[in-house]
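> Before I ask anything, let me first share the structure, which is written out below as structure tokens.
In my numbering, the protein residues as written are 1 to 387.
Given below as structure tokens:
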């Protein structure tokens with residue numbers, strides 16, 4: 001094992017306290033800190049020390065793919081790290097977004113090659129399913145809820161212009177596509193007036209409160225109303241949500257550990273000043289009710305849980321060690337990335353150990369032995385999801 005140094009992304013919605021506190025730095029930070037990336041994604045690769053300088057994890061994997069990744073990972077995913085581990089810290093809502101499945105990603109990336117850079121939707125040919133485990137109380141919008149509930153929520157505002165949307169939703173799941181299309185295709189000159197009419201209705205209840213909160217950040221954005229078609233979840237620390245391909249979602253507030261397939265394919269649907277390609281989003285979205293996106297952890301052994309997901313790009317384990325507890329031994333496949341969240345821990349893979357405190361991380365190659373974690377604290381361990 002050796003220390004891994006992640007990269008912080010300074011997106012505007014980021015917190016100025018959560019990641020800084022985790023890493024023991026002064027609060028508030030100089031600017032927003034939205035995500036800490038711990039992986040080999042070309043957008044912000046983590047580094048390790050080589051000859052006194054920072055070496056990109058991308059370069060290390062390219063130079064020795066079999067050692068770092070192992071034959072099974074290379075055969076399944078090619079010579080690349082198939083997952084990206086993050087700490088996500090949201091102080092404001094992220095955009096409404098969805099991610100493609102593998103076939104859609106490959107086709108979309110190929111089609112984008114003929115388009116001008118400003119009109120491209122796909123950054124790579126990979127899918128991007130993701131799992132987020134809450135570290136703090138966390139709010140998110142995840143997948144479509146029962147359209148009958150959404151119809152009642154929009155009807156309660158009493159805005160005549162919304163009647164076609166309400167009528168589509170009352171048609172059940174078959175009407176979801178039309179409802180989303182109507183809202184996202186609303187004439188640009190009339191969007192501010194539509195959202196203002198909804199806010200002026202002064203309706204009560206959680207849907208009205210959510211609309212007001214989102215409009216405070218994105219006035220005049222029809223995504224404020226699309227958000228009301230989704231499940232609004234409040235997670236306690238330790239609870240997790242799973243976002244498969246095609247599910248519209250947005251993280252709102254809170255801090256979590258997120259793991260995903262290593263892709264940057266994002267199709268946006270509102271709550272953002274960035275480009276929204278309505279036709280492509282409608283093509284990718286799954287217009288079905290997502291009854292329960294919450295994933296319960298499974299006990300693996302004493303002090304160890306994991307959150308099961310139906311993909312093999314990644315797996316995430318949490319290890320908790322109390323004072324005086326025996327070391328935890330994990331025989332996990334492929335390269336291992338370990339993030340310390342609390343306490344003081346040592347991590348050894350048989351070729352050398354590292355000591356970690358909160359906010360620090362380490363990586364070990366696939367050709368090393370099982371991980372042994374000792375000390376007192378909490379850590380998250382990311383690996384490929386291969387059995």
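For every residue, glycine included, the Cβ atom is placed at its ideal position computed from N, Cα and C.
Being a predicted model, the structure only gives us computed values, none of them experimental.
1. Counting only C-beta atoms, is residue 382 closer than 8 Å to chain C at any point?
2. I want to know whether the region 281-294 touches the region 59-72 - three or more CB-CB distances under 8 Å.
3. Could you tell me the distance, in whole angstroms, from the CA atom of residue 131 to the CA atom of residue 261?
4. By the DSSP assignment, the beta strand (DSSP E) with residue 76 in it spans what residues?
5. Taking C-alpha atoms, which residue in 377, 37, 126 lies nearest to residue 303?
6. Output the distance between the C-alpha atoms of residue 187 and residue 337, rounded to the nearest integer angstrom.
7. Buried or exposed: which applies to residue 15, given that a residue is buried once 16 or more other Cβ atoms fall within 10 Å of its Cβ?
8. Counting pairs of Cβ atoms below 8 Å between the region 89-107 and the region 199-210, do you hit three or more?
9. Looking only at C-alpha atoms, which of 146, 352, 50 sits nearest to residue 371?
10. At what residue ranges does the region 117-182 contain a whole run of the beta strand (DSSP E), taking only runs of 3 or more?
11. Do residue 182 and residue 147 have their beta-carbon atoms positioned less than 8 Å apart in this structure?
12. Does the Cβ-Cβ distance between residue 267 and residue 281 come in under 8 Å?
13. So, with DSSP's three-state summary, where would you put residue 306?
14. Leaving out five residues on either side along the sequence, give the residues of the same chain with a beta carbon under 6 Å from the beta carbon of residue 329.
15. Is the separation between the beta-carbon of residue 231 and that of residue 142 shorter than 8 Å?
16. Which residues mark the beginning and the end of the alpha helix (DSSP H) in which residue 213 is found?
17. Is the distance from the Cβ of residue 298 to the Cβ of residue 309 below 8 Å?
18. Report buried or exposed for residue 361, applying the criterion of at least 16 other Cβ atoms within 10 angstroms of its Cβ.
19. Assign residue 313 to one of two classes, buried (16 or more other C-beta atoms within 10 Å of its C-beta) or exposed (fewer than that).
20. Report the three-state DSSP secondary structure of residue 381 (helix, strand or coil).
21. Give the range of the alpha helix (DSSP H) segment to which residue 112 is assigned.
22. Sorted by chain position, which residues of the same chain lie with C-beta nearer than 6 Å to residue 125's C-beta, five sequence neighbours on each side aside?
23. Would a C-beta distance cut-off of 8 Å place residue 249 and residue 140 closer than the cut-off?
24. With distances taken between CB atoms, is the gap from residue 39 to residue 358 smaller than 8 Å?
25. For residue 114, is the classification buried or exposed, using 16 other Cβ atoms within 10 angstroms of its Cβ as the cut-off for buried?
26. Report the CB separation of residue 229 from residue 287 in whole angstroms; it is logged as a contact under 8 Å.
27. Would you call the region 7-14 in contact with the region 22-37, where contact means no fewer than 3 C-beta pairs closer than 8 Å?
28. Assuming residue 133 and residue 316 make a contact with CB atoms under 8 Å, what is their CB distance in whole Å?
29. Using CA atoms only, rank isn't needed, just tell me which of 128, 17, 71, 31 is closest to residue 41.
30. Report all residues from its chain with a CB closer than 6 Å to the CB of residue 224; omit the five preceding and five following residues, and keep chain order.
31. Mind checking whether residue 192 and residue 219 have CB atoms under 8 Å apart?
32. So, is residue 263 buried or exposed, given that buried needs 16 or more other C-beta atoms within 10 angstroms?
33. Pop quiz: residue 2 and residue 354 are said to be a contact at Cβ under 8 Å. What is the actual Cβ separation, rounded to whole angstroms?
34. Measuring straight from C-alpha to C-alpha, what distance separates residue 57 and residue 301?
35. Starting from the Cα of residue 375, find the closest Cα among 92, 321, 197 and give me that residue.
Per the coordinate set shown:
1. This model lacks chain C altogether, as it is built from one protein chain only.
2. no
3. 10 Å
4. Here residue 76 belongs to no beta strand (DSSP E); instead the alpha helix (DSSP H) covers 71-77.
5. 377
6. 47 Å
7. buried
8. no
9. 352
10. 130-134, 138-144
11. no
12. yes
13. strand
14. 370, 372
15. yes
16. 206-217
17. no
18. buried
19. buried
20. strand
21. 102-112
22. 105, 106, 109
23. yes
24. no
25. exposed
26. Residue 229 to residue 287, Cβ: 10 Å. No contact.
27. yes
28. 7 Å
29. 128
30. 195, 211, 214, 215
31. yes
32. buried
33. 6 Å
34. 31 Å
35. 321
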